[in-house]
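> Taking the numbering used here, the leading residue of the sequence shown gets 8, the next gets one more, and so forth.
Glycine is no exception: its CB is placed at the ideal position from the N, C-alpha and C atoms.
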Amino acid sequence: MSFASSLIGAGIGGVTKGIGSLIAGNSQADAYRDAANQANNKLTDTYNQIRTDYTPYTSVGTNAANKLNTYLNTPQTFKMSDFYSDPGYQFTLQQGQNAVNNSAAARGGLLSGSAAKGLTNYTTGLANQTYGDAYNRWMGNRQQTYGEIMGAANLGANATNQVSNAGLSTGTQQAQNTFNALTGAGNAQAQGLYGMTSGLGEGAQGTLAQYYSQTDRYKNDLARNNGRTYGQNRIYV
8 MSFASSLIGA GIGGVTKGIG SLIAGNSQAD AYRDAANQAN NKLTDTYNQI RTDYTPYTSV
68 GTNAANKLNT YLNTPQTFKM SDFYSDPGYQ FTLQQGQNAV NNSAAARGGL LSGSAAKGLT
128 NYTTGLANQT YGDAYNRWMG NRQQTYGEIM GAANLGANAT NQVSNAGLST GTQQAQNTFN
188 ALTGAGNAQA QGLYGMTSGL GEGAQGTLAQ YYSQTDRYKN DLARNNGRTY GQNRIYV
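Laid out in structure tokens, this is it:
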């Protein structure tokens with residue numbers, strides 16, 4: 008083997024080891040990043056599915072919130088038209104008027120002034136007696152309507168909270184995955200660079216050692232040919 012070949016052979020092993028370490032480190036770093044990307048994509052798909060599943064409920068909540076805003080900002084007062092259209096009042100009024108008319112007819116005074124006065128008195132008295140009941144029913148209906156709208160709005164709000172929590176959890180987990188991947192990739196690449204540096208160092212040391220070994224051997228060969236060891240007080244015989 009020539010002098011140059013022996014030097015190359017001594018160094019190439021370390022260089023090969025160093026390059027192999029660098030390639031392995033980069034491959035491991037890519038594996039960390041690929042795993043994080045796959046996990047994050049899966050988390051995104053899951054979050055999108057959650058949003059889709061909750062869309063009907065969030066839509067109900069949005070519509071209810073709009074209705075609630077309109078309802079609360081539209082002045083509502085109990086008017087006489089509300090009182091006169093009250094089903095309870097209308098029923099009682101009709102029953103009472105029928106009773107008055109039947110009584111007047113039995114006495115033969117259906118079209119008399121006294122019959123008309125009786126109807127008027129009954130209607131007025133009934134209004135005084137049932138106004139409060141009609142108002143309470145109107146207010147009860149209003150509160151029921153408010154409760155129904157508010158219930159739908161709360162349903163949407165709860166759905167929105169669920170989606171928001173899912174989004175926050177997804178973002179947090181993705182950030183953690185990315186951090187872990189970058190940390191792992193950085194460590195892997197650092198180890199690869201360290202391995203490459205170490206391998207190159209070993210190759211350089213091997214080359215130098217081979218160089219000095221070959222140089223000493225060459226000098227000794229020259230000295231032997233001259234009958235003495237070059238640089239030492241020994242004689243070869």
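Pull up the CB-CB distance for Tyr-64 and Leu-175, whole angstroms please, since I reckon it's below 8 Å.
With 8 Å as the limit, Tyr-64 and Leu-175 do not qualify as a contact, their Cβ atoms being about 18 Å apart.
> Check Pro-94 in the structure and name its three-state DSSP category.
Of the three classes helix, strand and coil, the one that applies to Pro-94 here is helix, per DSSP.
> My guess is that Ala-166 and Gly-68 are in contact by the Cβ rule of under 8 Å, so how many angstroms apart are they, rounded?
Between Gly-68 and Ala-166 the Cβ distance is about 6 Å, and since that is below 8 Å, they are a contact.
> Can you tell me whether DSSP reads Pro-82 as helix, strand or coil?
Pro-82 falls in the coil class under three-state DSSP.
> Ala-188 and Arg-58 - do their beta-carbons sit closer together than 8 Å?
Contact: no.
> Do the stretch 179–188 and the stretch 73–89 make contact, defined as three or more Cβ pairs closer than 8 Å?
Short answer: they don't touch.
> Can you give me the Cβ contacts of Ser-9 inside the same chain, cut-off strictly under 8 Å, excluding the 5 residues immediately before and after it?
With a pLDDT of only 49 at Ser-9, under the threshold of 50, the placement of this residue in the model should not be trusted; the figure read from the coordinates follows. Within the same chain, Ser-9 has no close Cβ partners at all.
> Should the stretch 90–97 be regarded as contacting the stretch 134–147, the criterion being three or more beta carbon pairs within less than 8 Å?
They touch, by the three-pair rule.
> CA-CA distance, Gln-198 and Ala-71?
Spanning the two alpha carbons is a distance of roughly 59 Å.
> To the nearest angstrom, how far is the alpha carbon of Gln-150 from that of Ala-160?
Cα to Cα, Gln-150 sits roughly 15 Å from Ala-160.
> Please classify Tyr-153: is it buried, with 16 or more other beta-carbons within 10 angstroms of its beta-carbon, or exposed?
Answer is exposed; the Cβ neighbour count stays below 16.
> Given this structure, state the Cα-to-Cα distance separating Gly-139 from Asp-89, to the nearest angstrom.
Roughly 12 Å separates the two Cα atoms.
> Are the beta-carbon atoms of Tyr-78 and Ala-173 separated by less than 8 Å?
Not a contact, by the Cβ cut-off of 8 Å.
> Work out the CA separation of Gln-56 and Asn-47 for me, nearest whole Å.
Spanning the two alpha carbons is a distance of roughly 14 Å.
> To the nearest angstrom, how far is it from the Cα of Glu-155 to the Cα of Asp-60?
In a straight line, the C-alpha of Glu-155 is about 23 Å away from that of Asp-60.
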